[in-house]
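Okay, structure first, notes after.
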Amino acid sequence: MRSAQEIWEAALGELQLQVNKPNYRTWFQGTKGIAYEDGRFTVAVPNTFVAEYLDRNQRSLIEKTLIGLTHNPGITVLFQTGGACPGRAAEQEEAAPDEDLQRLNPQYTFEKFVVGPSNRLAHAAALGVAQNPGKCYNPLFIFGGAGLGKTHLLQAIGHAASNRHLKVLYLSGERFTNDFVDALRQHRMDEFRARYRSGDILMIDDIQFIGGKEQTAESFFHTFNEMHDTHRQIVLSSDRPPKSIPMLEDRLRSRFEWGLTVSIKPPDLPTRLAILKAKSEEAGAGLSTDVLELIANEVRENIRELEGSLNRIIAYARLLRAQVTPEIASQALADIGRSQPGDNVEPLLLAVADCFGLTPEDLCGQKRDKQVAMARQVAMYLLKQNGGLSLAEIGRKLGGRNPSTVSHACEKISKDIESSPVLKHKLLSIQKDLELK
Ligand code: ADP
Ligand code: MG
């Protein structure tokens, strides 16, 4: 078994061939492979600026490279800042020795949770459960879109309860499923059962994951009943209400609805501002109200993205050694990430067409000779790589082609690059061309 760092070094070797030198230096140098567990590969990066860039622009390339090296088609990559810094790592090591299974993030507490109309009910219910587990609502089921604070609330319950010396089990639906499958394979079901039924509070984050996984759901059903019968607390989160979780048995669905089901909605403007204010003070950045308003107006649906934009602006200003003015802030948001997916379609088509001695109209038209077909596939591949657009959108941009055609093209080109140095060279020169623009 190779260590995460060994795998990452091999990956860097390959990535070096696939991105140009200045890019490689800017984004990949100083990164480290720090963990590889449960199909998640964690890469430590120097700052959030780099994390965001890699996440948005290089994820698919990195994952593809890691898949090649690990032969694990389900691998996902996570970018973590501060991992390279020993102080931070030590702090995480020490966190909460008596919390079982999955570590709680020390930041996800009730104190740090900003309450507004969009999450007030969920917050109140979570507090109630933390104070009186097993007594008020059982289960508590919290649902809402991505990045709205479900995990934060669950973990806040976990912190509050473990401060009171209750035994808290917190884990994701995915982890529960994996543990179940492992236990089954290793004939350790008794141990599995005992572990999950041993807590005062069992919290499963993203429970929707067990939908369609019959045996796991069945096992969870029994765990649920036992916990419920003995008045121990169950807390669940999901990206949708129980009735909309696909392929979930009715008996489990109805269990989920036994207690209290609450939703979290996207935050309104004052709540977004309050969150930004708190996070900016915490980061010691003390941004002015006009900058905070600018961010709050840009990002409306997702608190994780709200934080991401804030961090990006802070990092950007630091890189430039500039004060954060609204101008700098909008530059930071425009420079990376915030640019609309699809912004670069025209220049990309032009660069591809140029490289093959064609016009963009040829790429989007009906011609099917070999050269045009190849150029079109390259365009599809690069649009996919450069991120942001779905297969269907790429198909539309290229004269109304099917998503399956696009998908096939992407697979074909990524295979062909391996065997054709000429093609690889062409792609690199197109990329370079685009970066100069
Ligand atoms: P979800 O699990 O719903 O996808 P998370 O709980 O992971 O969302 O929240 C995403 C990020 O936003 C986290 O960093 C979290 O701390 C932050 N966050 C979410 N809601 C709030 C809130 N009400 N106050 C402060 N931070 C929040
Ligand atoms: Mg979550």
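My numbering puts the sequence shown at residues 1 to 437.
All residues carry an ideal CB built from backbone N, CA and C; glycine is no exception.
Note that the structure is a prediction, hence the values are computed from the model and not measured.
Endpoints, beta strand (DSSP E) assigned at residue i
| i | result |
| --- | --- |
| V324 | It is not in any beta strand (DSSP E) - V324 carries neither H nor E in the DSSP assignment. |
Residue of the options minimising C-alpha distance to residue i
| i | options | result |
| --- | --- | --- |
| K64 | A317, L12, I34 | L12 |
| Q107 | L78, I67, A379, T151 | T151 |
| L54 | Y24, Y36, P73, I34 | Y24 |
| M227 | Y196, G68, E218 | Y196 |
| N47 | D416, E346, A317 | A317 |
| T230 | N344, I201, I210 | I201 |
| T70 | L78, M189, A10 | A10 |
| F209 | T271, P241, L184 | P241 |
| S407 | M380, L427, E301, E293 | M380 |
| Y185 | S172, T216, G33, G199 | Strictly speaking, residue 185 in this sequence is Arg, with Tyr absent from that position. The shortest Cα separation from R185 among S172, T216, G33, G199 belongs to T216. |
| D239 | D250, L252, L349, K265 | K265 |
Range of the contiguous alpha helix (DSSP H) that encloses residue i
| i | result |
| --- | --- |
| Y53 | 48-53 |
| M227 | 214-229 |
| F113 | Counting along the chain, F113 falls outside any alpha helix (DSSP H), and DSSP gives it neither H nor E. |
| H123 | 120-131 |
| P270 | 269-282 |
| C355 | 345-355 |
| Y196 | 189-196 |
| V291 | 289-298 |
| F256 | 250-256 |
Per DSSP, cross-strand counterpart(s) of residue i
| i | result |
| --- | --- |
| R452 | Missing from the structure shown is residue 452; the chain here goes from 1 to 437 and no further. |
| I142 | S237, V262 |
| V45 | T81 |
| K32 | A44 |
Residue i (DSSP reduced to helix, strand or coil)
| i | result |
| --- | --- |
| L148 | coil |
| G337 | Reliability fails at G337, whose pLDDT of 44 lies under 50, so the model's placement of it is uncertain and the value that follows must be treated cautiously. In the structure shown, G337 sits in coil (DSSP, three-state: anything other than H, G, I, E or B). |
| T177 | helix |
| R88 | The predicted model places R88 with a pLDDT of 35, which falls under 50 and marks its position as unreliable, so this point remains unresolved. |
| P360 | helix |
| A95 | Unreliable placement is indicated for A95, whose pLDDT of 36 sits below 50; the coordinate value is still reported in the next sentence. Coil. |
| G13 | helix |
| C410 | helix |
| T109 | coil |
| E305 | helix |
For this session: With a cut-off of 7 Å, give the chain-ordered residues whose Cβ is closer than this to any heavy atom of the ligand PLP.
Result: Questions concerning the ligand PLP fall outside what the structure shown contains, since the ligands it does hold are the ligand ADP and the ligand MG.
For this session: Please list the segments of the alpha helix (DSSP H) lying wholly inside the region 363-405, counting only runs of 4 or more residues, in order along the chain.
Result: 370-385, 391-397
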